[in-house]
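Visitor:
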Amino acid sequence: MADTKKVVIDKKNKYDRQLRLWGDHGQSALESACVCLVNVSAVGTEILKNMILPGVGSFTIVDGNKVSGEDVGNNFFLTKDNIGESRAKAATELLSELNDDVSGDFVEESAEKLIRANPDFFSRFTLVIATNLCERELLELDSLLSKRNIPLLVCRSYGFIGYMRIVIKEHTVIESHPDSAHEDLRLDHPFPRLVEYCNSLDLESMDQKEHSHTPWIVIVYKYLQKWKESHDGNAPKNYKEKLLFKEFIKQGIRSNKEGFPLDEENFDEAVKSVNTALVPSSMPSVVRKLFEDPCCSNLDAESSSFWILVRAVKEFVDNEGKDLLPLRGTIPDMTADSTRYIQLQHVYHGQADDDVAVVTEKVRKIEQSIAKDNCISDHDIKLFCKNAAFLRIFRSRSLAEEYNNKTANLQEIAQHLGDEDNDDDFVFYVLLRGVDKFYEEYNRYPGVYEDQIEADVLMLKTSVQKILHDWGLNPTSIKDDYIHEICRYGAAELHTISSFIGGAAAQEAIKIITKQFVPFNNTYIYNAMKQSSLTELPQQKHFILVIHNQILKLSVRKQWKSLYIIIKVFILFNIGQMYKIKHLILKSLSI
Amino acid sequence: MAANLSGVLIENTRECVKQSKILVVGAGGIGCELLKNLVLTGFNDITVIDLDTIDVSNLNRQFLFRKEHVGKSKAKVAMESTLKFNPNVKIQAFHDSIMSTEYGLNFFKQFSAVMNALDNRAARNHVNRMCLSADVPLIESGTAGYLGQVQVIKKGLTECYECQPKPTQKTFPGCTIRNTPSEPVHCVVWAKHLFNQLFGEDDPDQDVSPDTEDPELAGDAGKSAMEKEASETAVGGIERKSTRTWATGTAYNPHKLFNKYSDLPKDTKSETGMRDQRVWSIQECSDVFSTCLSKLRDQVHQQGDGVLVWDKDDEIAMDFVTSTANIRAYIFGIALKSRFDIKSTAGNIIPAIATTNAIIAALIVMEGIKVLHGDFDKCKQIYLNRQANPRKKLLVPCALDKPNPKCYVCSSKPEVTVVLNTEKFTVKQLEDKVLKVGLGMVAPDVEIDDGKGTILISSEEGETEENAEKHLSNFKITSGTILKCDDFLQNYNLNVIIAHKDKLEEEKEFVIVGDLSELKATAETPNGVNGGQEENKQEDEDDDLMVVEDPVEEPVVEQRKRKADDTDIEENKAKRMKLTSIPEESEDDVVIL
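As you go down the protein sequences, you meet chains E and V in turn.
To convert a position in the first sequence, counted from 1, into the working numbering, add 156.
To convert a position in the second sequence, counted from 1, into the working numbering, add 234.
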C-alpha cells in the first residue's frame, strides 16, 4: 500500500509541468493510449521519444529491417553496437529506458507483410504513426485503418523538408483552449439575475469609495439601459455611437470640490471595455454548423457523447437559451471591492449552473430515448457547456481520396501552384509525390548515388511532370531549381529536421489522444531553409467570404469607406494575403 | 559519423560545422535536445554549462536524465549521457553559473557561436552582454508550454536581447494584498509574504499587516482582515522586525496569528480525490496550517541563521502557503483553490513539454548553421504558435530587426533614466534593485559624475560599505545627476540619469525608462511603463474591427491572454504584433488534401 502511494506521488511530480497544460484527464487519456510506429527512422524514434517522456501508455514498433551504419548516423536511439541487430528491437530497448511507466513492444516484421497477414494487429492501437512507407504500402495501411476508425499520422523527414499528414475520420474537440476569447457577459441579453443584481445597486447614493469600486460590468449595464431609453431601445451600433456612449459613461465620473474629475479606475475600465462588451452575443458559426450536422439530428445508441451533448445544447439554444449558448459563467478580473466582485461572480456562476442543469435534463432524456444508460457524467456536461462556444470538429479526407486524381482537391492544388513566383512551400508537396513516383518506377530515391544526380534530375522531372499532367495542370509549373534541390537531398534524413518533425508530430499526436487543443488540418510542410511552415486551420475562407459579401451589399461610397477599413483590418489581422485585397479593390471598382 | 549529411549539407557547411566550437548555456529542456541535435549534425566541440541539479519534474522532457540522476549536476549528466551515445565528440561540462566571474571575455571569445537554452532573464541579459562584448554571435531561445521562439543576435547587425524593453513581472498593489483581496492570487501572494514574515528574510515590502494609514480602508475591512492582534497594528509605526519577534513570542500559536482561526468551521467536508487536485475543506486547511506552523517553527529554530527560504518544491512550505491562502480566501469569500493550482501561482510555474523543446532546439541548430556561415541576412527570429495562426502558420519567421539606437545595452553610448525618490532610496537599494535586478549588472562600480569622481558603489568588497544605508540625496544626487556605472565582467558602461519624483504610481519604488521622451509619454498614461501603452493603442484601433462577424471565431490579432508567469514569451508580444502585422510575402496557405 505504502509503495503504490509513493509511485503516485512520483508521477505527479514527474508530470507536473505538463499537467498544467492538459490536466489530469488529459494525462489519463495519454496514459491509456497505445501507439504504433511503423518503421524506425530518426523521425519515428524522435516522435516516440516525445510521447514516451510525457508518459504515453504503451508503444509498439513494427520494422523488419536490421540496423545499418546510416541509421546510427542520424538516430539517437540506435548505437554502433546495434549494427546488424533488429531495428525494431534495438530502438524499443533504448526508447524504453526513457520512462519506466511506459511499456514498449516490437514486431520484427515489415509493415507490408503484417498488413496482409494480420490486418487485425492494428485494431488495438489508439493511433498509428507511419514513416518511410512507399506510396503503395501507405495506401494499404490507410484503407486498413480507416475501416477500423483508427487515426493515422504520416511523417517524413526528407533533406531540408519535413512533412506531416493527419488522417482521421472524425475528431471532435471540446477543450480547444482558444488563445483569446470574448468574455461571455450578455450585457445585450441580460439574464434576470444580472438585471436584479444591477438594479439592487444605486450609483447615485453610493459613498465615494463604493462608487469607485463598483464593478465596470454594472456600470456599463446601467449606462446601457439609460442609453437605450433615449435611443428607441437600441444599443450603440456604430463607431460614432460607441464614442458617444463612452463619453456618456465618462460623465458619470464624480468630481471633487474643485470640479476636477476624480480618479475612478472602474469607470476607466468601463470605457475601455465598451467595444468588447457591446459585441452582440451570438452563436458562433462553427457551433451552428455542428447543429446542422446529420450526426446531431440522427442520434442512436452508437452516437458518441459529443453528439449527444451537441444535440442537448442545440435543444437548449432552440428553447430556453433563446438562440444563445449556455452561459460560460466567468467574469474577467476588474477593479472592485471583494464583496461585490464575488457577488457578481456568483450571479454569473449561478446562471451558468442553471443552464447546465437544463442541459443535463435534456441529456438524460436523449440518453433514455436512444436507450443509452446514464453514461455522460455531470462533470462532462458542465465542461461541455463551459466550452460550448469553442467546440471543434475535424474530419479529414483519406489518403485514398487524396491520391486518386478524380477525388483529389485539385482546386486547392491549382491555387497553390498558380502563384507565379512559385514561392509557396506547397511545391514541396508535389516534389515529395514526385519522389514517390520515382521510387515506384526505379525502386530507389533520386540522387542517392552522387554520380547519377544529373540523370536523376531529368527522370524526377518527368515524374513530377506526369503528376502535374494527371492533375490537369501545367506540367512545367515547377521550377528546375526545386527539382535539383530535392535530388541533391538524395533521400537523406537530417537529424535536425527529424527532431523538428518529431516534436511537432508528437504534439499533434498528443492533441489527438487527449482531445484537447486544435490539431492542424490536414497537411503540414516545414521548409528548414526558410524556417517556414504551411498548414491549414478551418474557417479561414469562410471569414474572408463574409467580409467580401458584406462589402458588395453596400453602396459604392460606403464601399470605398469599408475598403479602407478592410485594408486596415487585413493588415492588422495579419492575414497577409495582399493579392486578395487587390482582388477586392478591383472588384469594387468594377461595380 | 553523421553519414547522411553528405548529400544535404554542402561541403563547406560540413567543414564549418566540424571546425566550430559551440557554447551551450543551460542543460535543461532545450539544452538536452540541443546537445543531441548538435552531435548528430556533426558538431564535435561543445561546451555546456548549467548550475542546476536534476529534479524529478525535469524527467518528463529532459531525456538525457533518468530517475537515478536526480540531485546530480545537469551539465555533467547531460555530457555523460550524450557521450554514451556518441563517444567521438568532445564535450566539456561545467556545473556552474554562467554569471560567475570565471567566465569572462576570454572564455566567450573562444567560441564560434553561443546558444542559449536558459530559463531566466538575468542570465539571458548577462550572456547577451558577454556576447556583445566578445562579438560572438548568440542564438537566443525560450519556450513556455506550447509556445516558443528563437532569435539570432549579432553585434551591430541585429537587435540585442535587451533592445526592446521587457515588461517586469506583474505585481499587485500592496493595499490589494493587505486589505482588499478579490482574487485567489492575492491570497496566495499574501500567504507567501506571511511565510517570509514569519520564517524568511525580512522584507518591508512584504509586510502583510493591514495598512492603517490606507485612506480607503473601511472599518469593516479592517475588522474582517484576520491579521495579527489589534494592539500590534494599532501602534502603527512599530519596528518591522516585530512581526517576527512577536510571532516567536507567542510560539507561533495559530490562534494568536489568525484572530479568526477559532471561528473557522470545523465540520466542512473535503472533496474526494487526490490531495493535490481537490480543494481542501476549511477544516483541512486549518489542520494543515497548524501542523505546518509547528513544523516550520522547529525548522527555523534548528536553522543557524533562523531564515527559511520559500520553495515551491518543499512539501511543508507549499502546504503552508496552500492552507494559509485558502483560509484567507475563505474569510474574504473568494474561491478556494487546489494545492496544484496554488503551486502554479505561487511558484510561477511555466508549463513545459518535450515536444516544444524538440522543435525549438531544431530551429536553433538550423539558425546556427546560417550563423556559422556568416549568412546573417538569412537569419530569422522565429515564433512557434500553439496552433496555426490565421495565416495557417505554426511557425512565424520574421526578419531580424536592426539594433535599437537607443538601447541601453548595445548602443554606442548607453544611457538610461531611472525615476525614483532620492530622499527615500538608499545606495543599497540602487545597487540591488536597480543595477542588479533592473539593469542586469553583476558587479557594478558606480561613480557620480559630479566633477569630483565620487565613488558611490565599488565592486571591491568593503570599499563602499558605509554608503549602503545612506539615501541618494545624502550624496547630492537629484534630478539630472548622472551616475557612471561600470560592470567590469560584462565590459559594460552605462550612464544612469536620475529623475527625482516624490511618489510613483502603483506604489512602485522606481521606474526605468529608456530615454526622456519615453518618460513623458508614460507620465500621461495611467498604466505606467509595463506594456500599458501598447494596450491602449490597441484598444483604440479595435473600433474599426467591428465589421467582423462571429467574434468567437479564431483569434484574429495575435493577442494571447497569458498568465503573468510566462514572461519569456510575453516579453515579445508587443514586438511580435508589430512584426507580424507587416505581411512578409503574399501566399495562400490552405492545404486540405
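Yeah, the Cβ is synthetic: ideal placement off N, Cα and C, and Gly gets one too.
Here the structure is a predicted model, which means the values were calculated and not measured.
#1: In the DSSP assignment, the beta strand (DSSP E) including residue 320/E goes from what residue to what residue?
#2: Note the first and the last residue of the continuous alpha helix (DSSP H) segment covering residue 225/E.
#3: If you reduce the DSSP assignment to three classes, tell me which class residue 344/V lands in.
#4: Sorted by chain position, which residues of the same chain lie with C-beta nearer than 8 Å to residue 687/V's C-beta, five sequence neighbours on each side aside?
#5: Quick check for students: name the residue ranges of the beta strand (DSSP E) that lie wholly in the region 186 to 250 of chain E, counting only runs of 3 or more.
#6: How about residue 246/E and residue 546/E: are their beta carbons less than 8 Å apart?
#7: Nearest-angstrom Cα distance between residue 219/E and residue 198/E?
#8: As an exercise, report each continuous alpha helix (DSSP H) stretch of at least 4 residues that is fully enclosed by the region 410 to 454 of chain E, in chain order.
#9: Would you tell me roughly how many angstroms separate the C-alpha atoms of residue 512/V and residue 668/E, rounded to the nearest one?
#10: Please state whether DSSP places residue 525/V in a helix, a strand or coil.
#11: Looking at the C-beta of residue 625/E, does it have a partner C-beta in chain V at a distance below 8 Å?
#12: For residue 551/E and residue 448/E, I'd like the C-alpha separation in whole angstroms.
#13: Locate the beta strand (DSSP E) running through residue 634/E, then write down its first and last residues.
#14: Residue 324/E touches chain V at which residues, Cβ-Cβ below 8 Å?
#15: If you draw a straight line from the alpha carbon of residue 249/V to that of residue 737/V, how long is it in whole angstroms?
#16: Within 8 Å of any Cβ in chain E, is that where the Cβ of residue 277/V sits?
#17: According to DSSP, what are the bridge partners of residue 279/V?
#18: Under the DSSP definition of a beta bridge, which residues are partnered with residue 333/E?
#19: With a threshold of 6 Å on Cβ separation, who are the neighbours of residue 261/V within its own chain once the five nearest residues in sequence on each side are excluded?
#20: Within the same chain, show all residues whose beta-carbon is closer than 6 Å to that of residue 679/V, passing over the 5 residues directly before and after it, in chain order.
#21: Counting pairs of Cβ atoms below 8 Å between the region 283 to 301 of chain E and the region 187 to 196 of chain E, do you hit three or more?
#22: Does the distance from the CB of residue 663/V to the CB of residue 363/V come in under 8 Å?
#23: Sorted by chain position, which residues of the same chain lie with C-beta nearer than 8 Å to residue 400/E's C-beta, five sequence neighbours on each side aside?
#24: Does DSSP put residue 678/V in a helix, in a strand, or in coil?
#25: Which value, in whole angstroms, describes the spacing of the CA atoms of residue 443/E and residue 544/E?
#26: Straight-line CA distance for residue 288/E to residue 302/E?
#27: Between residue 645/E and residue 314/E, which are expected to be in contact by the criterion C-beta below 8 Å, what is the C-beta distance as a whole number of angstroms?
#28: For the alpha helix (DSSP H) holding residue 519/E, just list the boundary residues, first then last.
#29: Interface residues of chain V around residue 202/E at Cβ under 7 Å?
#30: Residue 510/V: buried (16+ other C-beta within 10 angstroms of its C-beta) or exposed?
#31: Could you name the residues of chain V that residue 605/E contacts, counting a contact when the two beta carbons are closer than 7 Å?
#32: Residues of chain E with a CB under 7 Å from the CB of residue 599/V: which are they?
#33: Once DSSP output is grouped into helix, strand and coil, what is the label at residue 590/V?
#34: Based on Cα-Cα distance, which residue from 208/E, 684/E, 355/E, 229/E lies nearest to residue 631/V?
#35: Give the C-beta separation of residue 746/V and residue 669/V to the nearest angstrom, bearing in mind that I take them to be a contact with Cβ-Cβ under 8 Å.
#36: Using a Cβ-Cβ cut-off of 6 Å (strictly less than) and excluding sequence neighbours within five positions of residue 462/V, which residues of its own chain qualify?
Guide: Straight from the coordinates:
#1: Mapped onto the first sequence, residue 320/E falls at position 164. 317 to 323 is the extent of the beta strand (DSSP E) around residue 320/E.
#2: Here residue 225/E is taken as the residue at index 69 of the first sequence, counted from 1. Residues 225 to 230.
#3: As a position in the second sequence, residue 344/V is number 110, starting the count at 1. Coil.
#4: For the purposes of this step, residue 687/V is taken as residue 453 along the second sequence, with counting starting at 1. So the qualifying residues of the chain are 681.
#5: Runs of the beta strand (DSSP E) inside the region 186 to 250 of chain E: 190 to 194, 214 to 218.
#6: Here residue 246/E corresponds to residue number 90 of the first sequence, with the count starting at 1. Here residue 546/E corresponds to residue number 390 of the first sequence, with the count starting at 1. No, Cβ-Cβ distance for residue 246/E and residue 546/E is not below 8 Å.
#7: Taking the first sequence and counting its residues from 1, the one referred to as residue 219/E is at position 63. Taking the first sequence and counting its residues from 1, the one referred to as residue 198/E is at position 42. One C-alpha to the other measures close to 13 Å.
#8: Entirely contained in the region 410 to 454 of chain E, the alpha helix (DSSP H) runs reaching 4 residues are, in chain order, 421 to 433, 441 to 448, 450 to 453.
#9: Residue 512/V sits at position 278 when you count from the first residue of the second sequence. Residue 668/E sits at position 512 when you count from the first residue of the first sequence. If I take the Cα positions, the gap works out to 27 Å.
#10: Counting from 1 along the second sequence, the entry for residue 525/V is found at position 291. Of the three classes helix, strand and coil, the one that applies to residue 525/V here is helix, per DSSP.
#11: The residue given as residue 625/E occupies position 469 in the first sequence. Put simply, the CB of residue 625/E is far from chain V, with every gap to its CB atoms at 8 Å or more.
#12: If you number the first sequence from 1, residue 551/E lands on position 395. If you number the first sequence from 1, residue 448/E lands on position 292. Answer to the nearest angstrom: the Cα atoms are 15 Å apart.
#13: The residue you call residue 634/E lines up with position 478 of the first sequence. Careful: residue 634/E lies outside any beta strand (DSSP E) and carries neither H nor E.
#14: The residue you call residue 324/E lines up with position 168 of the first sequence. Near residue 324/E there are no residues of chain V at all, since even the closest Cβ is about 13 Å away, more than 8 Å.
#15: Counted from its first residue, the second sequence places residue 249/V at position 15. Counted from its first residue, the second sequence places residue 737/V at position 503. The alpha-carbon atoms of residue 249/V and residue 737/V are separated by roughly 60 Å.
#16: Walking along the second sequence from the start, residue 277/V turns up at place 43. By this cut-off, residue 277/V is not an interface position.
#17: Translated into positions along the second sequence, residue 279/V becomes position 45. The partner list for residue 279/V (beta bridge, DSSP) reads 324/V.
#18: Numbered from 1 along the first sequence, position 177 holds the residue referred to as residue 333/E. According to DSSP, which records beta bridges pairwise, residue 333/E is partnered with nothing at all.
#19: Along the second sequence, one-based indexing puts residue 261/V at 27. Result list for residue 261/V: 282, 284, 308, 309, 312, in chain order.
#20: By one-based count along the second sequence, residue 679/V stands at place 445. So the qualifying residues of the chain are 692, 693, 720.
#21: yes
#22: Along the second sequence, one-based indexing puts residue 663/V at 429. Along the second sequence, one-based indexing puts residue 363/V at 129. No, the pair does not count as a contact, with Cβ atoms beyond the cut-off.
#23: Taking the first sequence and counting its residues from 1, one reaches residue 400/E at position 244. Hits under 8 Å: 392.
#24: Stepping through the second sequence from its first residue, residue 678/V is reached at position 444. Strand, per DSSP.
#25: Reading the first sequence from its first residue, position 287 is the one you call residue 443/E. Reading the first sequence from its first residue, position 388 is the one you call residue 544/E. Rounded to whole angstroms, the gap between the alpha carbons of residue 443/E and residue 544/E is 8 Å.
#26: Translated into the one-based positions of the first sequence, residue 288/E becomes position 132. Translated into the one-based positions of the first sequence, residue 302/E becomes position 146. Between residue 288/E and residue 302/E, the C-alpha separation is close to 19 Å.
#27: If you number the first sequence from 1, residue 645/E lands on position 489. If you number the first sequence from 1, residue 314/E lands on position 158. Sure, about 6 Å apart at Cβ, within 8 Å.
#28: Mapped onto the first sequence, residue 519/E falls at position 363. Residue 519/E -> alpha helix (DSSP H) spans 494 to 525.
#29: To locate residue 202/E, count along the first sequence from 1; it is residue 46. The answer, in chain order, is 592.
#30: Residue numbering aside, residue 510/V sits at position 276 when the second sequence is read from its first letter. Looking at its Cβ environment, which holds 16 or more other Cβ atoms inside 10 Å, residue 510/V is buried.
#31: Taking the first residue of the first sequence as position 1, residue 605/E is located at position 449. Simply none; closest approach about 10 Å.
#32: Here residue 599/V is taken as the residue at index 365 of the second sequence, counted from 1. What residue 599/V touches in chain E: 652.
#33: In the second sequence, counting from the first residue as 1, residue 590/V sits at position 356. Three-state result, residue 590/V: helix.
#34: One-based indexing of the second sequence puts residue 631/V at position 397. Of the candidates 208/E, 684/E, 355/E, 229/E, the one whose C-alpha sits nearest the C-alpha of residue 631/V is 684/E.
#35: Against the second sequence, residue 746/V aligns to sequence position 512. Against the second sequence, residue 669/V aligns to sequence position 435. Not really, about 10 Å apart at Cβ, beyond 8 Å.
#36: Translated into positions along the second sequence, residue 462/V becomes position 228. Confidence at residue 462/V is low in this model, with a pLDDT of 37, below 50, so its placement is unreliable and the value that follows should be read with caution. So the list is empty, once near-sequence residues are dropped.
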